[in-house]
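Take 3 as the starting number for the sequence shown in this note's numbering and just add one per residue.
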Amino acid sequence: MKYSDAGVDVERGYEEVSLIKKMCEKTYSKDVLSGVGGFGAMFNLDITKYKNPVLVSGSDGVGTKLLIAQKADVHNSCGIDLVAMCVNDVICQGAKPLFFLDYIATGRLEPTKMANIVEGIAKGCEISDCSLIGGETAEMPDMYGEEDYDLAGFVVGVVDREKIVDGKNIKDGDLVIALESSGVHSNGFSLVRKIVFEKAGLDIEDELYEGISVKKALLEPTRIYVRDVLDLIEKVEVKAIANITGGGLYENIPRALNGHGAEIDLTEYKMPALFEKLQELGDVATEDMLSAFNCGIGMVLVIDREDEQKVIEHFKDYRAFKIGEIRGTELEIKF
């Protein structure tokens, strides 16, 4: 018997590497010493740029959003999602992403499909000014179905120790600023799929809302906030940052506040039409929406009151707006 008789084709693996190598190389910074193809990738940390450099790592996946990508046969957007889920986490400590590694597991390695995924990962890395220096593609025929795959990512960033964003300077009266999301991002898709495909009975090409198809609405890539947020940190003191992922506003805001509480007022806030449609189709209570989804708020910042206008005007491509203030030790959300 040959390895291919067991469902693993090493030749397809070699073909995939040849397809993705140039994509990865386009993302390399001058600090990449060796990347895709070797046993280990090497990255030079230029410590002359930092007084006391601290490495910040993050790892994440895309979850069951991948099932929608597979249903739609659209695979590059989930690569952007993978990068976004990781880099948006490390910037919460004020870290600049340095390099990224991916892991792709599949039942049958299809080089073109895998290259489409990596194309998206490379695009996400370019947007994040982050080098895609390596990864692993595992063909596991008895572990996954032939068309199935799963993704995981790992990022390392760096921040000067005295510039770490950790909530230690938060005080009562500081403002809580929301940054607009691009859509559902990459969390809550088990509920999304239940609502859209089972409860509402829609198909991937059907209209979901306002002339927008299920495919287009749900596969919109997760917004990457890296450049805008890191640029802002150089201009004003950003005291805390929360990436609104799994658990929504209720779970993620407290993680950034270092024991402080906040009063969040969403009584005048109108959720984007996508979330209104999901709430309507699924008959989901507002509190449950805020616990499962970002509801149009992809990231939250805590800033000094006097910096409000400067911060809001800083973001050009999407909206930044005040949603509350730091108060006490508990999180309260009014809606």
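We put the CB at the ideal spot given by N, CA and C, even for glycine. All figures in this text were calculated on a predicted structure; none of them were measured in a lab.
Since residue i is in the beta strand (DSSP E), which residue starts that stretch and which ends it?
| i | result |
| --- | --- |
| S36 | V34 to S36 |
| G300 | I299 to I305 |
| F323 | A322 to I328 |
| K336 | L333 to K336 |
| E265 | A264 to D267 |
Please state if the CB of residue j and the CB of residue i are separated by a distance shorter than 8 Å.
| i | j | result |
| --- | --- | --- |
| N260 | K336 | no |
| V58 | F45 | no |
| K23 | G40 | no |
| T224 | D83 | yes |
| G119 | I226 | Per the sequence shown, residue 119 should be read as Ile rather than Gly. Cβ atoms of I119 and I226: not closer than 8 Å. |
| D152 | G63 | yes |
| L181 | C132 | no |
| G300 | S183 | yes |
In the DSSP output, what is residue i paired with across the bridge?
| i | result |
| --- | --- |
| P55 | D162 |
| Y211 | I214 |
| M44 | S36 |
| E141 | T108 |
| E182 | I299 |
Please identify the residue among the options whose C-alpha is closest to the C-alpha of residue i.
| i | options | result |
| --- | --- | --- |
| V157 | V89, S215 and I325 | V89 |
| G175 | L333, S79, R229 and E327 | E327 |
| K218 | T29, Y320, H187 and N296 | H187 |
| M291 | D306, Y151, P274 and V302 | P274 |
| G9 | A97, I305, N118 and P143 | P143 |
| R110 | E265, G147, A86 and G122 | G147 |
| D168 | S36, V240, K125 and E310 | V240 |
Determine the extent of the alpha helix (DSSP H) in which residue i is found, giving its start and end residues.
| i | result |
| --- | --- |
| D104 | Run containing D104: none in the alpha helix (DSSP H); it sits in the beta strand (DSSP E), K98 to T108. |
| G81 | S79 to V92 |
| G249 | Careful: G249 lies outside any alpha helix (DSSP H) and carries neither H nor E. |
| I70 | K67 to A74 |
| D290 | T288 to A294 |
| D230 | V228 to I235 |
| I129 | P113 to I129 |
Buried or exposed, going by whether 16 or more other CB atoms sit within 10 Å of the CB of residue i?
| i | result |
| --- | --- |
| K318 | exposed |
| N254 | buried |
| D230 | buried |
| K53 | exposed |
| I49 | exposed |
| K343 | An answer regarding residue 343 cannot be provided, because it is not within the stretch 3 to 337 covered by the chain. |
| M116 | buried |
| E289 | exposed |
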